[in-house]
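In our numbering, the protein residues as written are 60 to 592.
Every residue, glycine too, gets a C-beta built ideally from N, C-alpha and C.
Single-structure report; data block below.
See the structure below:
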């Protein structure tokens, strides 16, 4: 029979197609010319205008598309006979595989499953290729008419494998995979290819039928991870939790908390590597959540105790490791920052205690000491914590606390004293004649922590006025530089009075200069006046 001859019956078609199926599935060989010939046979069959009736039909589900029409809509479209024959062939073929593997167990079953799955999948890709026109012509048309459970040939082959082989043996297949994974966790070498093949089959066996297909799309089904999630991920996570609960408990019996914390990232990295090697990437998120629960949340009180010990001993390197590790878990960072504050504040208070009541008249000593404490804290943040924002937040809160509440504020019973002393320090600094830009930056560090900024502005303004009237300021440029810094931290309203003082001083200087020139010209005695509003 010529493959181009359209006058043939279905039996002739099936003989040719079944020969191709035997080549593909059983002998695993097919010449390119044979592939093309079968493709043409199926093409001619699907475009034949004289359909023949054949056996049973694919079950139809009532839909909006066919409720009003006879369920045989599309019966004149050629393809159903071939589709049913293909499905029956695959069903028989997979049943034969199932019978051969039914009595196998453990790793022997995995090897059998992996080998046959990979062969079956490849062969199904081949027949899907030469059934291209059946997919495009009949399968697509049936879906458009509302027929369900009709898939492209490759997807139909996956469904047959799922129903005939996978479902009856899924528990016997999954369990040895999990046992192999536990074996690997105990530092033994396993055949990861077997697990990877099984997982890949679980992924490819998952699909769902799309409710509708657009005119420009050929996607009748879309992939879904349901089978992988139900039959691999869920038991994998259960086994993982059980394994590491015991592993963590045993490790803590024989090792310190510090060693335990160092072990956690290695455990997590090993599990993430397993996912990357033979599981699906979507398992990472639930896996990490379980591991963080076991390793961190279940041991949280002991970890917090360890954190306090490390800080007390100034073991900042180990504490920084703990801080970063535990801080990845939601809601733990709040308590860690509290521990930092509780540790650093007493150290700051202790450092500032030598500044007694005499500091009222020694603002320079007071501010310098505060800056030294602040810089020491920030050095820890930079060296050990890479300026971690959460750690910086804890330090800032500590600095704000001890700067505004310390031995000096208690001795004077005046919470505004820090703001006043900072203003006095500024006054002394701005009367100097040396380079002071860096000192101004240091002042702003303390200013940011001062609670009573209005008090600072009041004292600063009074002292600025005295410097301007008494011509005590080292440089107007420095004065303007300081006000600009205040403006950057606060706002225009805050520095408006200070700005006005400088403007008035400049106007006064201009007027006096003009007056002196006038006096010289008119030979009038000069008088010195400086006016500030």
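The residue among 552, 527 and 583 with its C-alpha nearest the C-alpha of residue 567 is 527. Scanning the segment 394-430 from its first residue to its last, no whole alpha helix (DSSP H) run of 4-plus residues comes out.
A distance below 8 Å separates the beta carbons of residue 153 and residue 219. Taking 8 Å as the cut-off, the Cβ atoms of residue 169 and residue 248 do not count as close. Every unbroken stretch of the alpha helix (DSSP H) spanning 4 or more residues and falling wholly within the segment 471-526 is given here in chain order: 476-489 and 496-508. In this structure, the CA atom of residue 160 is about 34 Å from the CA atom of residue 95. The count of Cβ pairs closer than 8 Å, one atom from the segment 307-324 and one from the segment 380-392, reaches three, so the stretches are in contact. Restricting attention to 540, 439, 467 and 432, the CA atom closest to the CA of residue 485 is found in 540. By the beta-carbon neighbour count (other beta carbons within 10 angstroms, threshold 16), residue 496 is exposed. Counting only residues of its own chain and dropping the five nearest sequence neighbours on each side, residue 555 has no CB closer than 7 Å to any other CB. Around the Cβ of residue 105, a 10 Å sphere holds 16 or more other Cβ atoms; the residue is buried.
Nearest C-alpha to residue 411 among 398, 431 and 396: 431.
The three-state reading of DSSP puts residue 391 in helix, counting H, G and I together. The beta-carbon separation of residue 175 and residue 156, rounded to 5 Å, stays under the 8 Å limit for a contact. Residue 281: member of the beta strand (DSSP E) spanning 280-282, first to last residue.
Assigned with DSSP and collapsed to three states, residue 161 falls in coil, not helix or strand. The bridge partners DSSP lists for residue 450 come to none. Put simply, the segment 357-377 does not touch the segment 293-301. Fewer than three CB pairs are less than 8 Å apart. Cβ neighbours of residue 166 within its own chain (closer than 8 Å, five residues either side excluded): 235, 239, 250 and 253. Here DSSP, grouped into helix, strand and coil, assigns residue 267 to strand. By a beta-carbon distance limit of 8 Å, residue 523 contacts residue 538. Their separation comes to about 7 Å. In this structure, residue 479 and residue 506 do not form a Cβ contact; the two beta carbons are roughly 13 Å apart against a cut-off of 8 Å. For residue 105, the enclosing alpha helix (DSSP H) begins and ends at 91-105. Contact fails between the segment 431-443 and the segment 383-397, because fewer than three Cβ pairs, one in each stretch, are under 8 Å apart.
With contacts defined by Cβ atoms closer than 8 Å, residue 200 and residue 136 form a contacting pair. Going by beta carbons, residue 185 and residue 257 fall outside the 8 Å limit. The Cβ neighbour count for residue 393, taken over all protein chains shown within 10 Å, is under 16; the residue is labelled exposed. Taking the CA atoms as reference points, residue 322 sits about 9 Å from residue 307. In the DSSP annotation of this structure, residue 533 is not part of any alpha helix (DSSP H), being labelled neither H nor E.
The beta carbons of residue 229 and residue 192 sit about 34 Å from each other, so the pair does not count as a contact at 8 Å.
Of 216, 103, 327 and 347, the smallest CA-CA separation from residue 145 is found for 216. Nearest neighbour of residue 426 by Cα position, chosen from 85, 462, 204 and 529, turns out to be 462.
With distances taken between CA atoms, residue 473 lies nearest to 514 out of 457, 433 and 514. Of all C-beta pairs linking the segment 368-378 to the segment 329-347, fewer than three are shorter than 8 Å, placing the two stretches out of contact. One alpha carbon belongs to residue 348, the other to residue 162, and they sit about 38 Å apart.
Membership of residue 319 in the alpha helix (DSSP H) is indicated by the continuous run 316-337.
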